[in-house]
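Please read the structure below before turning to the comments.
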Amino acid sequence: MTSAAEEWVPRRNVLWGSFNGLAYVPRLPPTAYTLLLHMMTEQEPGGLVVATHDELASGLAMERGMISRAMPHLVAARLVTVVRRGRFQLHPMIAAFNDPREQQRAVKALPRDMRLDVGDFEDEYERRFQLHLDEKARKAEAKAKGNVTPINKTTRLKRVH
Numbered sequence: 118m119t120s121a122a123e124e125w126v127p128r129r130n131v132l133w134g135s136f137n138g139l140a141y142v143p144r145l146p147p148t149a150y151t152l153l154l155h156m157m158t159e160q161e162p163g164g165l166v167v168a169t170h171d172e173l174a175s176g177l178a179m180e181r182g183m184i185s186r187a188m189p190h191l192v193a194a195r196l197v198t199v200v201r202r203g204r205f206q207l208h209p210m211i212a213a214f215n216d217p218r219e220q221q222r223a224v225k226a227l228p229r230d231m232r233l234d235v236g237d238f239e240d241e242y243e244r245r246f247q248l249h250l251d252e253k254a255r256k257a258e259a260k261a262k263g264n265v266t267p268i269n270k271t272t273r274l275k276r277v278h
């Protein structure tokens, strides 16, 4: 006989992870930390998270825009890679695996510059996030320039009957 609490707890495979990589997480906004921890609970073995921004937002009782603003912080910190819409890959140093050997192989396969424990992770995060902000500003400027309609020809209004 099972208790009522046991009946509604979702059954999940137990995953193994060495989350020492979290020691190399830069100072992030609180929403980004919350999102990262939520993604870590939703991951499949190997760190794949299959969820849209809307699904992540509903899982955290947040607005979608908050997820969209937090995600670039995780990407700049190299903790999350956007695979495509609705698919995100957690960094192998913080991802969970079926057994420790899988994680060791994944971490060993990383190029040295992709490891979280190499270099100054705080400076790298700030540099990458600034690049993101610069690109966002460049796109906004280009969009604004493209939306300007030149007023150099006369327009004739049609009479409405």
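Here the sequence shown is numbered in my numbering, starting from 118 and rising by one per residue. For glycine and all other residues, C-beta sits at the position ideal for the given N, C-alpha and C.
Three-way DSSP call (helix, strand, coil) for residue i in this model
i, result
"residue 232", "coil"
"residue 255", "helix"
For residue i, the residue or residues it bridges with in DSSP
i, result
"residue 207", "197"
"residue 246", "In DSSP, residue 246 forms no bridge with anything."
"residue 214", "133"
Distance between residue j and residue i (C-alpha atoms, nearest Å)
i, j, result
"residue 191", "residue 145", "8 angstroms"
"residue 237", "residue 227", "17 angstroms"
"residue 235", "residue 170", "30 angstroms"
"residue 180", "residue 154", "17 angstroms"
"residue 157", "residue 257", "32 angstroms"
"residue 213", "residue 161", "8 angstroms"
"residue 178", "residue 215", "29 angstroms"
"residue 225", "residue 188", "26 angstroms"
"residue 233", "residue 263", "40 angstroms"
Outcome for residue i when other beta-carbon atoms lying within 10 angstroms are tallied against a minimum of 16
i, result
"residue 136", "exposed"
"residue 208", "buried"
"residue 250", "exposed"
"residue 166", "buried"
(message) So within the segment 139 to 195, which uninterrupted beta strand (DSSP E) runs reach at least 3 residues, ignoring any that extend past its ends?
(response) 165 to 167
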